[in-house]
Amino acid sequence: MNRLKSFTAGFLRENPVFSLYLGLCSTLAITTTLNNAIGMGVAVIVVLVLSNVIISLIRNITPAEIRIPVYIVIIASLVKIIQMVIKAYTPSLDSALGVFIPLIVVNCIILGRAEAFASKHNVLDSALDGIGMGIGYTLSIIVMSAIRQILATGYISFDNPFDVTQNIFQIQILPEDFIISIFSSPFGAFCTFACLAAGLAAYKNHLSEKEKKQNKEAK
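Following this note's numbering, the numbering of the sequence shown begins with 348 at its first residue and continues without gaps.
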């Protein structure tokens, strides 16, 4: 197996959000600010990597009949630990993300990678898959959050997650007269997602057609 190809699959080719359409509930709900996106992205990466590693380690001793409940218990335990850490050190982020932190337990990306990949591959490959898919998810929600925040407020900003009173940067991009406040609403989330998903699908179709043309010319 080509490890580099597997690692980068989640970036574009098998992007969990815009290609596989997984984890959309949290994606649409929390992508209002860059802070939310980065916080959720880091949490998902940690859970993905740790769950993949643990499930890979026990894959040969887990009875097939109860593998899904076992996976859910492992994922739920990891999510609870992450939630407790966030509550302790970044209460503002915990308040902003709300119920979507514990809902990582039923995020299709986490359980999907456990069943489709970690249960069939070794620890190193499973860890790389978790990192790659996690990065792909994080990049997706960062792009969505940046677009929505800019269009809805006119600026892009990021605060210190451990001290919300400390602003790391704030850049004004759109004049106040050009702000489209609807992008902070659920409609704005669906609209942004649809445009990005369509753009990625068009790009992938272009690459596919180009590859077919090259193969035809080679023959």
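Heads up, the beta-carbon is just placed ideally off N, CA and C, and yes, glycines get one too.
Short Cβ contact (7 Å threshold) for residue i with residue j
i	j	result
PHE354	GLY479	yes
GLY501	LEU521	yes
ILE433	ASP441	yes
ALA465	SER473	yes
ILE388	ILE488	Checking the displayed sequence, the identity of residue 388 turns out to be Gly instead of Ile. Cβ atoms of GLY388 and ILE488: closer than 7 Å.
GLY483	ILE392	no
GLY477	LEU395	yes
THR374	SER492	no
GLY470	VAL400	Strictly speaking, residue 470 in this sequence is Val, with Gly absent from that position. Yes, these two residues count as a Cβ contact at 7 Å.
ALA565	SER531	no
PRO363	LEU371	no
With 16 other Cβ atoms within 10 Å as the buried cut-off, status of residue i
i	result
ILE428	exposed
ALA384	buried
ALA461	buried
GLN517	exposed
HIS468	buried
ILE494	buried
SER555	exposed
ASN382	buried
Range of the contiguous alpha helix (DSSP H) that encloses residue i
i	result
SER555	533–565
ASP288	Past the boundaries of the shown model lies residue 288; the chain is included only from 348 to 566, so the question cannot be answered.
PHE354	350–355
ILE451	Run containing ILE451: none; DSSP gives neither H nor E here.
Per DSSP, cross-strand counterpart(s) of residue i
i	result
TYR368	Paired residue(s): none; TYR368 is not in a bridge.
ILE405	Answer is none; ILE405 lacks a bridge partner.
GLN517	SER504
Alpha carbon of residue i to alpha carbon of residue j, nearest angstrom
i	j	result
THR512	ASP506	7 Å
GLY357	VAL446	25 Å
MET431	PRO438	10 Å
ILE405	CYS455	21 Å
PRO533	LEU547	21 Å
GLU361	ILE497	27 Å
PHE525	ALA541	22 Å
SER398	TYR418	8 Å
Contact with chain B by residue i, beta-carbon distance below 7 Å
i	result
ALA549	Although the question refers to chain B, the structure presented lacks it and comprises just one protein chain.
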